[in-house]
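Peer 1:
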Amino acid sequence: IAKANTDYGSKKYELAKSNYQAALKLYEESYPKEQLAKIAEVLKEQEADKLKQDEFNSLMAQGQKHYVNNEWEQAKTAYKSAQQLIDDPSIAQKLSMIDKKVQEEKDATAAAEQKAKKDEEFNQIMARAKGQFDAKNWEEAKKTYNEALQIYSRKAVTDKIAEIDLNIQRDKNRAKTAEAEKIKEDKYAELMAQGKAAFDAKNWSEARTSYNAAIKLFDRPEAKSAILAIIAKIKEENAAKAAESAEKVKR
-9 IAKANTDYGS KKYELAKSNY QAALKLYEES YPKEQLAKIA EVLKEQEADK LKQDEFNSLM
51 AQGQKHYVNN EWEQAKTAYK SAQQLIDDPS IAQKLSMIDK KVQEEKDATA AAEQKAKKDE
111 EFNQIMARAK GQFDAKNWEE AKKTYNEALQ IYSRKAVTDK IAEIDLNIQR DKNRAKTAEA
171 EKIKEDKYAE LMAQGKAAFD AKNWSEARTS YNAAIKLFDR PEAKSAILAI IAKIKEENAA
231 KAAESAEKVK R
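Residue numbering for the sequence shown follows my numbering, starting at -9 and increasing by one per position.
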């Protein structure tokens, strides 16, 4: 009994159990029976604790496995089940980390969806701008490319806008040149008409002045021919005058 009590006090329950049982074989007394009942209860509790710890360890291992595989819901379920068995402080930290990971994934998914939406809108605008550019609708194309810049500030877009500005300026220059050319053509036509009117009226000096002014604008054959015709007419008139004077002298 003394040895059994020492083992019991040292929590060496199996040894104490063996000694109490040995004592009972000598004397059927209540004390060793009571101690054996206590030991049985302790061993029962220890077995229950061991089973609980084993289940806890298993659930924690499952939780860790799901965690490393990014299986957040399964990991969370395993950790919560383990927490119901043993409220280990590390579990709350793990659950917090899982919530953080879940939120990160949600944020990443939302960001990816937002980017996909922006990409689609950007591509549609760029396609519309290209159509306008190809049709040389510069102002509309520039407006549309500026819309694209509101989504993404990209060099390819700013380069296109710069190219459009060059095309706009080129077209303006061409329009100015065409307008100046038209004014010049109108003046040429006016001078040629004045020259013809003077020619028809046999006003050779005025006709010649108009045709010479026309040649200064455009060195064209019709103006030169008109001047030659004037010279020819003057010669004809001079010849006629000379013949008339000679005839008078004869008389």
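By construction, the Cβ of each residue, glycine as well, lies at the ideal position given by its N, Cα and C atoms.
At the level of alpha carbons, what is the spacing between I154 and F123?
Peer 2: Between I154 and F123, the C-alpha separation is close to 8 Å.
Peer 1: Looking at the unbroken alpha helix (DSSP H) that takes in F208, where does it start and where does it end?
Peer 2: Careful: F208 lies outside any alpha helix (DSSP H) and carries neither H nor E.
Peer 1: Within the continuous alpha helix (DSSP H) that includes D44, where are the two ends?
Peer 2: Counting along the chain, the alpha helix (DSSP H) containing D44 begins and ends at S20 to V58.
Peer 1: Going by DSSP, what residue range makes up the alpha helix (DSSP H) through E171?
Peer 2: Its alpha helix (DSSP H) spans residues K145 to D190.
Peer 1: Span of the alpha helix (DSSP H) holding I(-9)?
Peer 2: No alpha helix (DSSP H) contains I(-9), which DSSP labels as neither H nor E.
Peer 1: With a cut-off of 8 Å, do at least 3 Cβ pairs link the stretch -5 to 9 to the stretch 21 to 38?
Peer 2: Contact between the stretch -5 to 9 and the stretch 21 to 38 is present, because at least three Cβ pairs lie under 8 Å.
Peer 1: Give me the residue from A101, N59, Y57 and Q43 with the minimum Cα distance to D77.
Peer 2: Comparing Cα-Cα distances from D77 to each of A101, N59, Y57 and Q43, the minimum goes to Q43.
Peer 1: In angstroms with no decimal places, state the Cα-to-Cα distance between Q216 and Y201.
Peer 2: Reading off the sequence shown, one finds Ala at residue 216, where the question assumed Gln. Going by the C-alpha atoms only, they are around 7 Å apart.
Peer 1: If you run the structure through DSSP and keep just helix, strand and coil, what is N193?
Peer 2: It is coil, neither helix nor strand.
Peer 1: To the nearest angstrom, how far is the alpha carbon of K(-7) from that of E31?
Peer 2: Approximately 20 Å between the Cα atoms of the pair.
Peer 1: In whole angstroms, what is the alpha-carbon distance linking Y142 and F112?
Peer 2: Whole-angstrom Cα-Cα distance: 8 Å.
Peer 1: Going by beta carbon distance, what residues of the same chain come within less than 6 Å of A197, once the five residues before and after it are set aside?
Peer 2: Correct list, in chain order: G185, A188, F189 and I220.
Peer 1: Taking 7 Å as the limit between beta carbons, can you name the residues of its chain near E137, skipping five residues before and five after?
Peer 2: For E137, where only same-chain residues beyond five positions count, the Cβ hits under 7 Å are I115.
Peer 1: Could you tell me whether the Cβ atoms of K214 and I224 are closer together than 8 Å?
Peer 2: No, the Cβ-Cβ distance between K214 and I224 is not below 8 Å.
Peer 1: Which residues in the same chain as A68 place their Cβ atom closer than 7 Å to its Cβ, once the five residues preceding and following it in sequence are excluded?
Peer 2: Around A68: L49, Q52, G53 and H56.
Peer 1: Between the alpha carbons of L156 and A125, how many angstroms are there, rounded?
Peer 2: In a straight line, the C-alpha of L156 is about 16 Å away from that of A125.
Peer 1: For the alpha helix (DSSP H) that contains S71, what are its first and last residues?
Peer 2: Taken as a continuous stretch (DSSP letters only), the alpha helix (DSSP H) holding S71 covers W62 to L75.
Peer 1: Measuring straight from C-alpha to C-alpha, what distance separates A170 and K192?
Peer 2: C-alpha separation (whole angstroms): 32 Å.
Peer 1: Which residue marks the beginning of the alpha helix (DSSP H) containing Y3, and which one marks its end?
Peer 2: Run containing Y3: Y3 to L16, per the alpha helix (DSSP H) assignment.
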